[in-house]
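The structure under discussion appears below in the form of structure tokens.
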Amino acid sequence: MSKDSRRISEILKTKEKFIILPHVYIDGDDLGSMLALGRAIGKIGKSVLRFIPEPIPEIFTFLPDIEYISHKAPPGSYDAAILLECTDLQRLPAGVDIKKIAKTIINIDHHPDNKFYADFNWVDPGASAVAEMVYFLIKDMDVELDYEIAINLYTAILTDTGGFQYSNVTSRTHEVISQLLSIPIKTDEVYRKVYHEKSPNVLRLQGKVMANLELSDEGKIAWSYITKDMLEQYAVDEGDTQNFVEEINQIRGAQAVLFFKEIDAKKIKVSLRSSGVPVNKIAAFFGGGGHLRAAGCTVEAPLEEAVKQVVSKTREYLNQ
Ligand code: 5GP
Ligand code: MN
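At position 3 of the sequence shown the residue is numbered 1410 (the working numbering), and the sequence of numbers has no breaks.
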């Protein structure tokens, strides 16, 4: 498909031992892409470790091959490490010294702010999801689609496009989906599992988050938050609150929607969404990044202070 994809497929065909890594705060795109690519690498007879230190979000536990995920720090050395959607090396899970464990680093990403830090960099901001790229890589590896690959890539693209609704969905996205659906996948079941099987406590917590909604600048900025105590009270993992920001984003009139998650007393993860404000620039100011309309960052400050700082920065970008 592309020159970069062919080069990476050559490495996969000629080397033997691989590790695939996601970014911190795993999402459906990372996870589905990892499972699909891991399976394809296995199918060409190579060894592959699929590494995710975090718990798998509840809504994704139905994905086939999920049992191959290793949560333990990767031992040993690898011919190549494949990093999925890591804009830079700081996005890797903590404690992984990638240069130490892998001879070659391969960077596959669809974020426009990727830093091209690897030995092989394949970055396509025109892709709706990294899974859309992984589809073409698997083709270049001459691996036939099977049910497991297809449903993992499908779920990855479904979730990263918010159900095919974002502006980065193209005719190519739908062509890839059309190819994936040449395998009988029950798309209605996937949709239900991802969007309609939340646990009662996740919904209760979501209710709290919605009740805490705050607005400023005549409703042009909307935000809410979740504290560690709230997560503990409802026994919910941080990863199971990923969709909350999309729920807040349903609000009328907001140009920027912010969701603050207390990771610890002085570390707040922020998810930003917008319909016009370049939230990637706001996130970048705080050392994060992402896409024009969906971005994230981590602010090293107590919750209240983090809210103040990010809301104030967002205000600067309103109506620009
Ligand atoms: P989310 O809010 O869902 O965690 O992330 C939204 C988008 O921003 C995703 O594309 C994600 O990869 C990106 N993103 C989230 N946090 C960070 C961050 O700290 N740094 C960078 N570079 N991108 C981030
Ligand atoms: Mn993605």
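Where is the CB? At the ideal position from N, CA and C, for every residue including glycine.
Compare the Cα-Cα distances from residue i to each of the options and report the closest residue.
{"i": "N1559", "options": "K1593, L1470, I1466, Q1586", "result": "L1470"}
{"i": "D1742", "options": "G1445, F1425, I1505, L1610", "result": "Residue 1742 cannot be examined here, being either before or after the span of the chain that is shown, 1408 to 1727."}
{"i": "V1652", "options": "K1673, M1617, D1644, K1674", "result": "M1617"}
{"i": "S1376", "options": "G1626, S1606, M1548, Q1727", "result": "Any answer about residue 1376 is impossible in this case: the structure gives the chain only from 1408 up to 1727."}
{"i": "V1609", "options": "I1592, N1650, K1627", "result": "N1650"}
{"i": "I1459", "options": "I1451, I1433, I1448, G1483", "result": "I1433"}
{"i": "E1669", "options": "G1646, V1686, K1688", "result": "G1646"}
{"i": "I1418", "options": "C1704, E1654, I1451, F1571", "result": "I1451"}
Residue range of the alpha helix (DSSP H) that residue i falls in?
{"i": "A1618", "result": "1607-1618"}
{"i": "Y1485", "result": "Premise fails: Y1485 lies in the beta strand (DSSP E), 1485-1491, not in any alpha helix (DSSP H)."}
{"i": "A1538", "result": "1537-1547"}
Can you find a heavy atom of the ligand 5GP that lies under 7 Å from the Cβ of residue i?
{"i": "R1498", "result": "yes"}
{"i": "T1566", "result": "no"}
{"i": "G1703", "result": "yes"}
{"i": "H1518", "result": "yes"}
{"i": "G1354", "result": "The shown model of the chain, from 1408 to 1727, leaves out residue 1354, and the question about it has no answer."}
{"i": "D1504", "result": "no"}
{"i": "Q1649", "result": "yes"}
If you draw a straight line from the alpha carbon of residue i to that of residue j, how long is it in whole angstroms?
{"i": "T1511", "j": "K1422", "result": "10 Å"}
{"i": "V1583", "j": "Y1542", "result": "7 Å"}
{"i": "A1690", "j": "H1698", "result": "10 Å"}
{"i": "T1568", "j": "G1533", "result": "13 Å"}
{"i": "S1761", "j": "N1514", "result": "A query on residue 1761 cannot be resolved here, the shown segment of the chain reaching from 1408 to 1727 and no further."}
{"i": "E1625", "j": "L1588", "result": "45 Å"}
Could you please give the first and the last residue of the uninterrupted beta strand (DSSP E) stretch that includes residue i?
{"i": "N1528", "result": "1527-1530"}
{"i": "S1678", "result": "1674-1681"}
Is any non-hydrogen atom of the ligand ATP found closer than 7 Å to the C-beta of residue i, if you look at the structure I gave you?
{"i": "D1636", "result": "This structure simply doesn't include the ligand ATP; it includes the ligand 5GP and the ligand MN instead."}
Less than 7 Å between the CB of residue i and some heavy atom of the ligand MN, yes or no?
{"i": "V1530", "result": "no"}
{"i": "E1539", "result": "no"}
{"i": "P1492", "result": "It is worth fixing the name first, because residue 1492 is Glu in this sequence and not Pro. Yes; taking the cut-off as 7 Å, the Cβ of E1492 has a heavy atom of the ligand MN nearer than that."}
{"i": "D1495", "result": "no"}
{"i": "A1536", "result": "yes"}
Using a Cβ-Cβ cut-off of 7 Å (strictly less than) and excluding sequence neighbours within five positions of residue i, which residues of its own chain qualify?
{"i": "V1684", "result": "Q1662, A1663, T1721, Y1724, L1725"}
Within 8 Å of any Cβ in chain D, is that where the Cβ of residue i sits?
{"i": "L1588", "result": "Judged by its chain identifiers, the structure shown contains no chain D, having just a single protein chain."}
Once you ignore the five residues that flank residue i on each side, which residues in its own chain have a CB closer than 6 Å to its CB?
{"i": "A1538", "result": "D1436, G1439, S1440, L1560, A1563, I1564"}
{"i": "I1658", "result": "A1629"}
{"i": "R1680", "result": "V1652, N1656, V1664, A1701"}
Leaving out five residues on either side along the sequence, give the residues of the same chain with a beta carbon under 8 Å from the beta carbon of residue i.
{"i": "K1673", "result": "E1707, A1708, P1709"}
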